[in-house]
Each structure stands twice: as C-alpha cells, then as structure tokens.
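**Q**
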Amino acid sequence: MRNGRNDTVSTPNPLTQCLAQWPFASPGLADLEAQLQALAAAADPLSLRTRIDLYERCFPLLEQAMWSAKADFHSLLATYQALFREQEACIRQQEQGQEQGQGEARRHRFILGIPVADRPPHLRACLESIYQICAAFDYGGRTDGVWTWIQIVVAEDSRSELNIRRHQALVEEYCGRGLQVIYLGLAEQFALLQAIPAEKRTHLGNLLTTQGEDNFQRKGQAANRNLCYLKFLQLTKDKERTLYYLVDSDQHFCVNRRTELGEEAVYALNYFHAIDWIFRHTDTLMLTGKLVGDPPVSPSVMTANFLADVTAFFERLAALAGTQACQFHGWQGPPAGEAAYHDLAGLFGFAQKAEAFPYPCPLPGAHDHTACLQGFASRLKAFFFGEHLTRKTWFSYGAGFTQLHPARTVYPGNYTVNYAGLKYLIPFGHLRLRMSGPTAGRLIAAEIGPRFATCNLPNLHRRTTEAGLEDDFRPGVELDQDLCGVDLADEFERQFFGDLMLFTTEELVQQSDVRQPFAEAEIEAVIARKEADLLALYRQKHDAIVSANRQLHSMVFGAGAWWLRAPELTDALQQVQAFINNIERNFGASAPAWQQVQSEVHRARRKRQIVAALRAYRTERAVWDSLF
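The number in our numbering is simply the position in the sequence shown, starting from 1, with 1 added.
#1: In this structure, does DSSP put residue 272 in helix, strand or coil?
#2: Report the three-state DSSP secondary structure of residue 436 (helix, strand or coil).
#3: My output table needs one value for residue 156: the three-state DSSP class, helix, strand or coil.
#4: Considering only the beta carbon of each residue, do residue 542 and residue 505 sit closer than 8 Å?
#5: Are there 16 or more other CB atoms within 10 angstroms of the CB of residue 248, so buried, or fewer, so exposed?
#6: Does the beta-carbon of residue 292 have 16 or more other beta-carbons within 10 angstroms, so that it is buried, or is it exposed?
#7: Counting only runs that start and end within the region 398 to 472, where is the beta strand (DSSP E) found for 3 or more residues in a row?
#8: In whole angstroms, what separates the C-alpha of residue 104 from that of residue 50?
#9: Smallest Cα separation from residue 60: which of 81, 76, 281, 73?
#10: Where DSSP assigns a beta bridge to residue 131, which residues make up the other side?
#11: Taking the straight line between their C-alpha atoms, what separation do you get for residue 44 and residue 284?
#12: Is the CB-CB distance between residue 556 and residue 499 below 8 Å?
#13: Within the same chain, show all residues whose beta-carbon is closer than 8 Å to that of residue 627, passing over the 5 residues directly before and after it, in chain order.
#14: By DSSP, does residue 48 sit in helix, in strand, or in coil?
#15: Roughly how many whole angstroms lie between the Cα atoms of residue 140 and residue 357?
#16: Counting pairs of beta carbons, one from the region 315 to 328 and one from the region 559 to 566, are three or more of them closer than 8 Å?
#17: If we ignore side chains and look at the alpha-carbon of each, how far apart do residue 76 and residue 595 end up?
#18: For the putative contact between residue 487 and residue 385, defined by C-beta atoms under 8 Å, what is the C-beta separation to the nearest angstrom?
#19: Can you tell me the Cα-Cα spacing of residue 610 and residue 214, whole angstroms?
#20: Let me confirm a value: residue 261 is counted as buried when at least 16 other C-beta atoms fall within 10 Å, else exposed. Which label applies?
#21: Tell me whether residue 287 sits in a helix, a strand or coil according to DSSP, three-state version.
#22: Could you tell me if residue 173 is buried or exposed, where buried requires 16 or more neighbouring beta carbons within 10 angstroms of its beta carbon?
#23: Less than 8 Å between the C-beta atoms of residue 453 and residue 286, yes or no?
#24: Classify residue 104 as helix, strand or coil using the three-state DSSP reduction.
#25: Here's a check: name, in chain order, each residue in its chain whose Cβ is nearer than 7 Å to the Cβ of residue 389, leaving out the five neighbours to either side.
#26: Between the beta-carbon of residue 84 and the beta-carbon of residue 67, is there less than 8 Å?
#27: Tell whether a beta-carbon distance below 8 Å holds between residue 204 and residue 621.
#28: Quick check on the DSSP output: the beta strand (DSSP E) that includes residue 245 runs from which residue to which?
#29: Ordered along the chain, which non-local residues of its own chain (more than five positions away) have a Cβ less than 7 Å from that of residue 585?
#30: Could you check whether residue 395 and residue 257 sit closer than 8 Å to each other, using their CB atoms as the reference points?
#31: With a 10 Å radius around its C-beta and 16 neighbouring C-beta atoms as the bar for buried, classify residue 419 as buried or exposed.
#32: Comparing C-alpha positions only, which one of 438, 88, 507, 411 sits nearest to residue 289?
#33: According to DSSP, simplified to helix, strand and coil, what is residue 9?
#34: Can you have a look at residue 602 and say buried or exposed, based on whether 16 or more other CB atoms are within 10 angstroms of its CB?
#35: Beta-carbon separation of residue 1 and residue 464 under 8 Å?
#36: Along the chain, where does the alpha helix (DSSP H) that runs through residue 601 open and close?
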C-alpha cells in the first residue's frame, strides 16, 4: 500500500516466498521468479492487477510440479492453497479500490444444487467437502465469517421423517460453519411447481413430476434436480454473473491420489476458480466434469469383470499360506479414463479389457492372508451398492483443469451451467431409467455442439460411507430383512432399458435435426435395431456371469483350499457364499430382472414409453425454455 491507497502493493511476500522455495520444481517457476525480481526492482510497486496475473501464471506451474512427484506433495499443496487465498485477498482489494471495473469481466457467483433422498451420511460428507474447498481456496472470500459468493441448495426427496430432520440439522450445522446452505423442503418444492402457470405445468409433468402433494417424495434424481432449477430462478440476482453447479450427495469436492499406502483424498482442485475462468473466457453453456473413485455405473454392468477379479483373487490366494505376510499390496488400479469397470465398455468406444485386475488390499500395518481374506469378504456386499474393489478410477492431472473438449455425456453429479444453459436439463425423469445423463448429453451435444464441454475437474465418487450400507438409500437396490440378501431387480431392469433409450437417442440425433420433433416411425425403426443388438449382448453377458459364478463357487468351496480349514474364517466364508448367492439371485436364469428383459410383453410396454418420451421431448423443451 502506498500513500493510503490500496491499488498498488509492495513486493508480494507469499508469492516471492513460494518462488524462492520451489524454483527447482519447474523451470517455469525459476523464470517467473526472475521476472518478479525485475518488476520488484522497478520504480513503481506492483499493481494489484499485475500481482493477480502473476499468481495466475504461477498456479499451473505449481500444479504440474505437484502432480509430477518432483516435490513433496503436501508441502507444495499447502503453498498452492495459500497462494490462492492470497490472490483472493488481492482480488477483493481490487474490487473495493480504484481498479474496480477495469480489466477482466467480473467473476461469477455460484449456486450449488444437491438433490438428496434418505442419505444423511452422504450429505454430510458432501457438505464437508464443500466446506473444506472453501476453507482451502477461499473463493470470493468471507463477509462476517460467511462465504457469500457460494450458495448451496439442499433439495429434499426423502421418504423418512427421521432422515428429513437429519438433513435439516446438517443444513443448520454447516450454516453455522460459514456456508450459505438453503433447505428446499418438499412443501416448498410443491409450491414452486404450483407457481408455474397451469397451461405450462401440464406439459412439464415428465420433466418435473406429476406426484401429488401428499406423496411428494422419492420423485427421482432427475425430477428433483429439475425442481432445483425453479429455486435457482428465485435466488438469481444477476443472470449474467451466476453459475449453477449440480452435484450428487455421494460426490465430494476432492480427488483421489495414489500413494504407497493406497488411496488418499486431497483438496487439490480449486473448482470454483477454474469453472469461473472457463465461463468468462469461452462461450460454454454447459460444462461437465467426470468422476474418480467408485464407478458411475450400476453393478448390473460391472458384474462379469468383477467376478473375474474375485476369482483371480482366490486363485492367487490358493497358492499362498494363510499365515504368510499379505502379498496383495502395491497394485494401484487401472489407468485413468479407460472405463475398465464396464462389462460393455466397447459400446462406449473404449477398448475391452479381457484380463483380471488384482485386489489392492487396503489393510494397514503388518497382517497375513487370513486377515486379508477377512477384509476382502467383508467388503463384497458393497459391490451391489456400486463399489468396485479392484477397478476404481484415479485422478490424473494431464494437461490441467481448464482445457476443454466437446462433451457427449452429462455427469448428473458434476455439471455447471450458466443462466442460458439452464434450458439444457436432464429429461425423461418420469421413466426412472439409468443412463439419463448420457442420454441427455447426446441430445444437448447435438443441439449446441462444443458449447457443451468437458474438462478435467472430476469429483470423488463414493458409493458407500463409514455409516454402512444400512444407512444409505440407493434407488433400485433393496436389502432383505436379515441384511444378507440384496435385490437389484429394479436397477437391472432400469439399466437395460436405459441403455436402449441411450443408444436409440444416439442414433436418432445422428440422422435427424434434434431441434425438430422426432418422427414416430423413425424412432420405432431405430429402437427395434438397438433392442436386437442389446439383447444379444446382454444374453452373452448373462451366460458369462452364470458360468463365472459357478467357477467362483467351485474355486472357493470345492477345491479343499486352506481357508476351508481355518475356523477363524467361518464368517468370511459365509460372506463369500452370500455374495455368490446374490449374484445368482440377481443374474441367474431365474432372476426377476432377467425374466423382464426376456419378456416380449414387458419390452413392448417399455418401448412404447420410450417412443412416447422421445416424441414429446421437443414440445416439453419448448415449454421449459419459455420459463427462462
């Protein structure tokens, strides 16, 4: 500060200290230090604008060093976060001072939407991650202890009154910690819906909901997310400078880092800063990040490869001694971005991986194979809730955070739109099908092209929490009374017809103008072809699962292996048997979902629904667009 003015500053100590401490980490940092020294030696002190720009140039250099293992990760991360906080202080000082209104366009405020249904542990973890990212990077700064540039809407969709109260308590708790969290309850959602003129509301039932006031819960993730948009409209004060960030409750604002000890969650991505930059410097309307951690797909399309991995684990274990020191360490999972978890990865353009993947034992400290098997068996049931023990997705820094690529899939738990982008919602919620994000993405990409983009800002996806499976709701997954049996019938059925919807839509947008209604005859011709293709693939996968499950049972219980003679493994073996039973229950020849997929009558009913939804899409979008 000079002469009482706040538009210039003396040498920026935090930045100078960073460059002095880490010049070896990147050649660019050494060059930046030399430039900074030259600027500091000039007659005039550095302007705030110059200092802000220097920070901006420093960030990608620190990121490259941090993720290349050339320096201590945590020390460099602490420096990286501190520099963002210092830059935020400069930006606030600039906004209050003489330079306000000059230079780049003003930054965006954010409104986050988190739909939640009977998931208090997930909601807590999600809100905590937002709190941590705010504390680490301080986007927009705090006024009277509150981060005022970020609002969070928790959109309730629970059936349990107890869980509703737990969600409300979490909203109050995090408000007390400095987050602006707004609770959007069922009654308020219904009132927002009723506020839409009746002549428009009658056309929006498939996008929002037709459920009555006395049954306004469990509307589904798509409908609840779209109802969030109505609250966004109410909260928006500046259409030009507000971004809307949609998040699922099982998403965390951090990424997973590989270490010698296994997976580590780190708050190393300044999501708000990077997303704001993208929307200020490009014409993007919708931006989606991906997910790392647990796969973003149903277990119904991961079962074949998981069975291969479980069988490989027991094959290797059979050649080892139970009292031997555990040998299942060191494997860190498949490379990023390969969709190795998906049985039908080829459908999405990925190479099909035939080999089994090793199990990475997460147990710390010295332990033997008996303990490893106990830990492995205890985690098998989580697979039916979407956790994959052997094929997590890992974060990779790549080319940075703001490089854009054309997108074709909306990740419903991680996407951002500006005000104009609110039109491009996720449709067909009334069908309750899986693959709603990829289906919406094909329609949106066909309509706005590269203005629908993806970037390397993934969230960490965790299907389960420390609270256990019993304190978690997952649509289409049911536990029986003794908590051993798992029923995936609903999710399996919704997966098959979600795939049918997706690949029908994908072909339609390639041969038709998505801005015009699809012709019924055209839809029916495409869906018939896709149905035949998918049935053949699902039958092939079904046969492979049945065969692999029999092989696994024989491997574990029929070969006289050492674990059968270990009394301390009785519980573990019961858990393995329960897993095998659940595979048979959900994927065997008599599985209810498989019978539905095989039924021509059931498929005909679902196809009629899909055809009707695709025909109505353009009309519904026109009414929805008119709200904006």
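Positions of the beta carbon are idealized from the N, C-alpha and C atoms, including for glycine. All values reported here derive from a predicted model rather than from experimental measurement.
**A** On the basis of the supplied data:
#1: For residue 272, the secondary structure class from DSSP, reduced to helix, strand or coil, is helix.
#2: Looking at residue 436 - three-state DSSP - the assignment turns out to be coil, as it is neither helix nor strand.
#3: If DSSP states are grouped into helix, strand and coil, residue 156 belongs with the strands.
#4: The answer is no: Cβ separation not under 8 Å.
#5: Label assigned to residue 248: buried.
#6: Around the beta carbon of residue 292, 16 or more other beta carbons sit within 10 angstroms, so the residue counts as buried.
#7: With a minimum length of 3 residues, the continuous beta strand (DSSP E) runs that stay inside the region 398 to 472 are 415 to 418, 453 to 455, 460 to 462.
#8: Because residue 104 carries a pLDDT of 44, less than 50, the predicted location of this residue cannot be relied on, and the following value inherits that uncertainty. Going from the Cα of residue 104 to the Cα of residue 50 covers about 8 Å.
#9: The candidate whose alpha carbon is nearest that of residue 60 is 81.
#10: BP columns for residue 131 are empty, so no partner.
#11: With a pLDDT of only 45 at residue 44, under 50, the local geometry of the prediction cannot be trusted, and the value read off the model is given with reservation. Approximately 39 Å, taken between the alpha carbons.
#12: Contact flag unset, no.
#13: Same-chain partners within the cutoff: 201.
#14: The three-state secondary structure of residue 48, taken from DSSP, is strand.
#15: Spanning the two alpha carbons is a distance of roughly 43 Å.
#16: Yes, the region 315 to 328 touches the region 559 to 566.
#17: Cα-Cα distance, rounded: 52 Å.
#18: The pair is a contact, with the Cβ atoms about 4 Å apart (cut-off 8 Å).
#19: Whole-angstrom Cα-Cα distance: 25 Å.
#20: For residue 261, the number of other beta carbons within 10 angstroms of its own is below 16, and it is reported as exposed.
#21: Residue state, collapsed to three classes: strand.
#22: Exposed, by the Cβ-count rule.
#23: Yes, Cβ-Cβ distance for residue 453 and residue 286 is below 8 Å.
#24: With a pLDDT of only 44 at residue 104, under 50, the local geometry of the prediction cannot be trusted, and the value read off the model is given with reservation. DSSP places residue 104 in the coil class of the three-state scheme, outside both helix and strand.
#25: 295, 296, 303, 307, 342, listed in sequence order.
#26: Contact annotation: residue 84 and residue 67 have beta-carbon atoms that are not nearer than 8 Å.
#27: Against a cut-off of 8 Å, the Cβ pair of residue 621 and residue 204 comes out as a contact.
#28: Unbroken beta strand (DSSP E) run through residue 245: 243 to 248.
#29: Setting aside the 5 residues that flank it on each side, residue 585 is surrounded in the same chain by 550, each with a C-beta closer than 7 Å to its C-beta; the list follows chain order.
#30: Contact check for residue 257 against residue 395 passes: the beta carbons are separated by less than 8 Å.
#31: When all chains shown are included, residue 419 counts as buried.
#32: Taking the Cα of residue 289 as reference, the smallest distance to any Cα among 438, 88, 507, 411 is reached at 411.
#33: Only weak support exists for where residue 9 lies, its pLDDT of 44 falling under 50; the coordinates are left without a value.
#34: Flag for residue 602 reads exposed.
#35: With the chain covering 2 to 629 only, the question about residue 1 has no answer from this structure.
#36: That run of the alpha helix (DSSP H) goes 601 to 627.
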